[in-house]
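Please read the structure below before turning to the comments.
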Amino acid sequence: KCKEEERQRGEEEVRRTEERRAKELYISLRQEDRRSETEDKERQEQLQRSKAADEEMKFKARRARDEYKRQSLRAIEKGLVAGISGLFQKTHLNGSGQNRWHSSVMESSITPSPTEAIQSTTNPSGQPPTVHNRWHQNRRHSTTAVRLTDSSTWVWPPRPCSRDSILHWFRDEQRPKRAGYERNSNNIAPWFHGIITRQESESLLMNAGEGCFLVRLSERIRGYTLSYRTAAGFKHFLIDASGDYYSFLGVDQSRHATLADLIDFHKEEVITTSGGELLQESCERSSSSDFGGLFQDLQTSKLQ
15 KCKEEERQRG
25 EEEVRRTEER
35 RAKELYISLR
45 QEDRRSETED
55 KERQEQLQRS
65 KAADEEMKFK
75 ARRARDEYKR
85 QSLRAIEKGL
95 VAGISGLFQK
105 THLNGSGQNR
115 WHSSVMESSI
125 TPSPTEAIQS
135 TTNPSGQPPT
145 VHNRWHQNRR
155 HSTTAVRLTD
165 SSTWVWPPRP
175 CSRDSILHWF
185 RDEQRPKRAG
195 YERNSNNIAP
205 WFHGIITRQE
215 SESLLMNAGE
225 GCFLVRLSER
235 IRGYTLSYRT
245 AAGFKHFLID
255 ASGDYYSFLG
265 VDQSRHATLA
275 DLIDFHKEEV
285 ITTSGGELLQ
295 ESCERSSSSD
305 FGGLFQDLQT
315 SKLQ
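Just add 14 to wherever you are in the sequence shown, counting from 1, and you've got this note's numbering.
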């Protein structure tokens, strides 16, 4: 009887051990299955995120291309793009003897910043950068280059060396093109502020609404600066006027026959697709504004 009880206890112990092992194995398999399911789910989610990011990049690139084409076509339709053939004909008639064309110095893959941080760049020897170095300029140091057709050398247009040089340049070259005037009148455009500093422009725009803007003479290039009020602060876009057209540096390739054409164009078309800057209201000039003396000779002649 004792042996029978001992045998039964042994069998019961074996049965319990087998059940425990079977249960542990089952739990282990279930945990492994869950872990595999979790890993598969994470892989699927990561794959979906990657695909979504790729699709978003493709969409943005496609939208940027479409926006550029749309703006270019709209500019052509409105007659705001300066004809390149007319540019070269005019250069020839003026007896320049050299055909020149203007282009951004940076490749499209490293488009320069459109802000006023753009500066003229020279090497330590004071000579213009070589063609090789031209493509490796820092994004914060770029400007418009002039290339002579009979030479591979890139010649940088000089920066205004003084306030007097800016005055003479505007009076001699820009005023005959009616830069700063309204399109169809002899009145000075409400957005034109003449020669004021960046700090002064931001002070004028400080209490203005988003989209408010003004145009001032640039001290960095032969051209202008468009100061723009954003929701978060200010943006300053350089406008190249060294040729026979007006265009933003490092923003788009639209060329406009007059400064007023450029302003009117961007009242309907954004400056950059990423920022969505649309020109709204002109910033009021200060009561003591004299445009930095740009029109002083006209006022003097009227008094005489």
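Cβ atoms here follow ideal geometry from the backbone N, Cα and C, with glycine treated the same way.
All of these numbers come straight from a predicted model, not from anything done at the bench.
Is it right to say residue i is buried, meaning 16 or more other beta carbons lie within 10 angstroms of its own, or is it exposed?
i, result
"Ser288", "exposed"
"Ile41", "exposed"
"Arg236", "buried"
"Ser215", "buried"
"Arg48", "exposed"
"Gln188", "buried"
"Arg84", "exposed"
"Arg230", "buried"
Is DSSP giving residue i helix, strand or coil here?
i, result
"Asp254", "strand"
"Leu308", "coil"
"Leu292", "coil"
"Tyr82", "helix"
"Thr31", "helix"
"Leu263", "coil"
"Thr239", "strand"
"His207", "coil"
"Ile180", "helix"
"Ile277", "helix"
"Arg269", "coil"
"Arg189", "helix"
"Ile41", "helix"
"Arg21", "helix"
"Arg230", "strand"
"Thr157", "Caution applies to Thr157, whose pLDDT of 36 falls short of 50 and renders its modelled position unreliable; the value that the coordinates give is listed next. If DSSP states are grouped into helix, strand and coil, Thr157 belongs with coil."
Please work out which residues of its chain come closer than 6 Å, Cβ to Cβ, to residue i, disregarding the five sequence neighbours upstream and downstream, and give them in chain order.
i, result
"Tyr242", "Phe227, Lys249 and Glu291"
"Arg299", "His207"
"Leu308", "Phe184 and Gly208"
"Ala193", "Leu273"
"Arg197", "Ala274"
"Arg23", "none"
Taking C-alpha atoms, which residue in the options lies nearest to residue i?
i, options, result
"Gly208", "Pro190, Phe184 and Glu216", "Phe184"
"Arg212", "Glu25, Asn198 and Leu240", "Leu240"
"Ser176", "Arg234, Asn198 and Glu187", "Arg234"
"Ser179", "Glu46, Tyr195, Arg57 and Gly306", "Gly306"
"Ser217", "Tyr82, Gly247, Glu51 and Asn200", "Gly247"
Apart from the five residues just before and just after residue i, which ones in its own chain have a Cβ nearer than 8 Å to its Cβ?
i, result
"Ser296", "Ala203, Pro204, Trp205, Cys226, Phe227 and Leu228"
"Ser261", "Ile253, Asp254, Gln267, Ser268, Arg269, His270 and Leu276"
"Ala78", "Thr287"
Please work out which residues of its chain come closer than 7 Å, Cβ to Cβ, to residue i, disregarding the five sequence neighbours upstream and downstream, and give them in chain order.
i, result
"Ser232", "Tyr238, Thr239 and Leu252"
"Ser68", "In the sequence as displayed, the identity of residue 68 is Asp instead of Ser. Around Asp68: no qualifying Cβ."
"Leu293", "Gly225, Phe227, Ile277, His280 and Lys281"
Check whether the Cβ of residue i lies closer than 8 Å to any Cβ atom in chain B.
i, result
"Thr272", "Among the protein chains of the structure shown there is no chain B, as only one such chain exists."
At least three beta-carbon pairs within less than 8 Å, the segment 271-285 to the segment 65-78: no
Count the C-beta pairs between the segment 251-264 and the segment 214-224 that are closer than 8 Å, then say yes if the count reaches three, no if not. no
Sufficient close CB pairs (3 or more, under 8 Å) joining the segment 191-208 to the segment 176-183: no
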